[in-house]
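In this note's numbering, the protein residues as written are 681 to 941.
Below is one structure, written out as structure tokens; comments come after it.
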Amino acid sequence: MGETLNASAFQTLKVSESADRLNVQLDRPQVKNAIDQLMVDELHAVCAYLERTPKIMVLSGTPADPETGAKGVFASGADIAQLRERRRDDALAGINSGIFDRIAKLPMPVIAALDGFALGGGAELAYAADFRIGTPELRMGNPETGLGIMAAAGATWRLKELVGEPVAKEILLAGKVLKGEEALRVGLITELVEGPDLMAAASALADRIGTQDALAVRITKSVFHTPREAHPVIDTLAQGMLFESQAKFDRMQAFLDRKKK
681 MGETLNASAF QTLKVSESAD RLNVQLDRPQ VKNAIDQLMV DELHAVCAYL ERTPKIMVLS
741 GTPADPETGA KGVFASGADI AQLRERRRDD ALAGINSGIF DRIAKLPMPV IAALDGFALG
801 GGAELAYAAD FRIGTPELRM GNPETGLGIM AAAGATWRLK ELVGEPVAKE ILLAGKVLKG
861 EEALRVGLIT ELVEGPDLMA AASALADRIG TQDALAVRIT KSVFHTPREA HPVIDTLAQG
921 MLFESQAKFD RMQAFLDRKK K
């Protein structure tokens, strides 16, 4: 039996695990899942585990509750009470940018399931994912300049890569908040589903990834994010590794066997 994550060790996250994925739900609903230092620390613990035991991560927030009428929320941003007290040295430590960069560099893909607020640091956390699925109730943006600071945990460069400079500047400099439909239109999310279907859609995407060869997925993700000047050498070297994998022989033989039928 391989290593598993101790789900009971977390205070700000709900974690469940299966053979090929880890479901991580942000769990500070009383403050709309504001990202505080403890949540950052616990996300680092999750990353450390996934670096040792590569699996798909499905990252979500608090789901809507039809019985109480409570709306779903991914993350409303960094914890403003903590942010208010941080000074220059805290900014230079890159508290949020460090964990978001670590999430982006995880070996296997990360899927963000987004409902309700995904603002500020919550949006930057979502930008770090490989896939983003949203609902019509999604509200996504970076209001940091309205608080006298900037979006310094990835938005100034990831957002431009995701949606282009004009939309990125409208979000970062003018405080535009995108609704779900608009986030889909500009390509910030790749799928729009109703709230009750959000986790099923994320699970279906994880299933599709799970049918691929895990090593091929890991190496493709890594090569995808290498600088342009590393190509095509890095592609050739990576392909050379995969050409020697047993999965390549097994999967190609299975393909040929199916064609014969």
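Glycine residues also receive a C-beta, built at the ideal position from the N, C-alpha and C atoms.
Keep in mind that this is a model prediction, so the values were computed, not measured.
Worksheet entry | Counterpart residues of F811 in DSSP-defined beta bridges | Residue 811 sits at position 131 when you count from the first residue of the sequence shown. Answer by DSSP bridge pairing, in chain order: I791.
Fill in: Residue burial classification, N686 (beta-carbon count within 10 angstroms, cutoff 16)
Residue numbering aside, residue 686 sits at position 6 when the sequence shown is read from its first letter. When all chains shown are included, N686 counts as exposed.
Worksheet item: Over what stretch of residues does the beta strand (DSSP E) that includes L839 continue unbroken?
Response: Counting from 1 along the sequence shown, the entry for residue 839 is found at position 159. Segment A835 to V843 is the alpha helix (DSSP H) holding L839; no beta strand (DSSP E) there.
Worksheet item: So what's M820 in DSSP terms, helix, strand or just coil?
Response: Position 140 of the sequence shown, counted from the start, is the residue given in the question as residue 820. Strand at M820.
Practice prompt. Quick one: using the 10 Å Cβ neighbour count with 16 as the cut-off for buried, is F929 buried or exposed?
Written response: For the purposes of this step, residue 929 is taken as residue 249 along the sequence shown, with counting starting at 1. It is exposed - the Cβ of F929 has fewer than 16 other Cβ atoms within 10 Å.
Worksheet item: To the nearest angstrom, how far is it from the Cα of V866 to the Cα of V847?
Response: Start at 1 with the first residue of the sequence shown, and residue 866 comes out as number 186. Start at 1 with the first residue of the sequence shown, and residue 847 comes out as number 167. Distance between the alpha carbons of V866 and V847 is about 8 Å.
Worksheet entry | M921, DSSP secondary structure in three states | Locating residue 921 in the sequence shown gives position 241, counting from the first residue. M921 falls in the helix class under three-state DSSP.
Practice prompt. Answer with buried or exposed for T692, where buried requires no fewer than 16 other C-beta atoms within 10 angstroms of its C-beta.
Written response: For the purposes of this step, residue 692 is taken as the residue at position 12 of the sequence shown. Buried, because 16 or more other Cβ atoms sit within 10 Å of the Cβ of T692.
Worksheet item: Run through DSSP, which three-state label would T733 get?
Response: On the sequence shown, residue 733 is found 53 positions in, with the first residue counted as 1. Coil, per DSSP.
Item to complete: Could you please give me the residues that DSSP links to R701 through a beta bridge?
Response: Mapped onto the sequence shown, residue 701 falls at position 21. I736, per the DSSP bridge assignment.
Fill in: Terminal residues of the beta strand (DSSP E) in which L858 lies
Position 178 of the sequence shown, counted from the start, is the residue given in the question as residue 858. Element bounds for L858: V857 to K859.
Fill in: Under the three-state DSSP convention, the category V695 falls into
Translated into positions along the sequence shown, residue 695 becomes position 15. The answer is strand: DSSP assigns V695 an E or B state.
Worksheet item: With DSSP run on the structure shown, which of helix, strand or coil describes V753?
Response: Here residue 753 is taken as the residue at index 73 of the sequence shown, counted from 1. Strand, per DSSP.
Worksheet item: For P907, does the count of other Cβ atoms within 10 angstroms reach 16, so buried, or fall short, so exposed?
Response: Residue 907 sits at position 227 when you count from the first residue of the sequence shown. It is exposed - the Cβ of P907 has fewer than 16 other Cβ atoms within 10 Å.
Discussion item. If distances are taken between C-alpha atoms only, which option among E909, I813 and G800 comes closest to K856?
Written reply: Stepping through the sequence shown from its first residue, residue 856 is reached at position 176. Measuring from the Cα of K856, the nearest candidate turns out to be G800.
Item to complete: Measure the alpha-carbon distance for K859 versus P816 and round it to whole angstroms.
Response: In the sequence shown, the residue the question calls residue 859 occupies position 179. In the sequence shown, the residue the question calls residue 816 occupies position 136. Approximately 7 Å, taken between the alpha carbons.
Fill in: Helix, strand or coil at A758 [DSSP, three-state]
Taking the sequence shown and counting its residues from 1, the one referred to as residue 758 is at position 78. Residue state, collapsed to three classes: strand.
Practice prompt. Taking the CB atoms as reference points, tell me whether I889 and I760 lie closer together than 8 Å.
Written response: The residue you call residue 889 lines up with position 209 of the sequence shown. The residue you call residue 760 lines up with position 80 of the sequence shown. For I889 and I760, no; Cβs fall outside 8 Å.
Discussion item. Tell me the residue span of the alpha helix (DSSP H) that contains A884.
Written reply: Taking the sequence shown and counting its residues from 1, the one referred to as residue 884 is at position 204. First-last of the alpha helix (DSSP H) with A884: L878 to G890.
Worksheet item: What is the rounded straight-line gap between the Cα of F754 and the Cα of F780?
Response: By one-based count along the sequence shown, residue 754 stands at place 74. By one-based count along the sequence shown, residue 780 stands at place 100. Distance between the alpha carbons of F754 and F780 is about 15 Å.
Worksheet item: By a C-beta neighbour count over all protein chains shown, 10 Å radius and 16 as the cutoff for buried, is F811 buried or exposed?
Response: Numbered from its first residue, the sequence shown carries residue 811 at position 131. With 16 or more other Cβ atoms within 10 Å, it is buried.
Worksheet item: Skipping 5 residues on each side, what residues in its chain have a beta carbon closer than 6 Å to that of E850?
Response: Taking the first residue of the sequence shown as 1, we reach residue 850 at position 170. Excluding sequence neighbours, E850 sits near K856.
Practice prompt. Closer than 8 Å by C-beta to P701: which residues in its own chain qualify, once you throw out the five before and the five after it? Chain order, please.
Written response: For the purposes of this step, residue 701 is taken as the residue at position 21 of the sequence shown. The sequence given here places Arg at residue 701; Pro does not occur at that position. Cβ within range, chain order: K735, I736, M737, V738, A886 and G890.
Worksheet item: Taking C-beta to C-beta, are K712 and P789 nearer than 8 Å?
Response: On the sequence shown, position 32 is the one that residue 712 refers to. On the sequence shown, position 109 is the one that residue 789 refers to. For K712 and P789, no; Cβs fall outside 8 Å.
Worksheet item: Applying the criterion that 16 or more other CB atoms from any shown protein chain within 10 Å of the CB defines a buried residue, is R938 buried or exposed?
Response: On the sequence shown, position 258 is the one that residue 938 refers to. The residue in question, R938, is exposed, as its Cβ has fewer than 16 Cβ neighbours within 10 Å.
Fill in: L706 (DSSP reduced to helix, strand or coil)
As a working note, residue 706 is residue 26 in the sequence shown. Secondary structure of L706 (DSSP, three-state): strand.
Practice prompt. Find the nearest neighbour of P819 within the set G828, D795 and G826, judged by alpha-carbon distance.
Written response: Mapped onto the sequence shown, residue 819 falls at position 139. Note that residue 819 is Arg in the sequence shown here, rather than Pro. Ranking G828, D795 and G826 by Cα distance to R819 puts D795 first.
Discussion item. According to DSSP, simplified to helix, strand and coil, what is L827?
Written reply: For the purposes of this step, residue 827 is taken as residue 147 along the sequence shown, with counting starting at 1. In the structure shown, L827 sits in a helix (DSSP, three-state: H, G or I).
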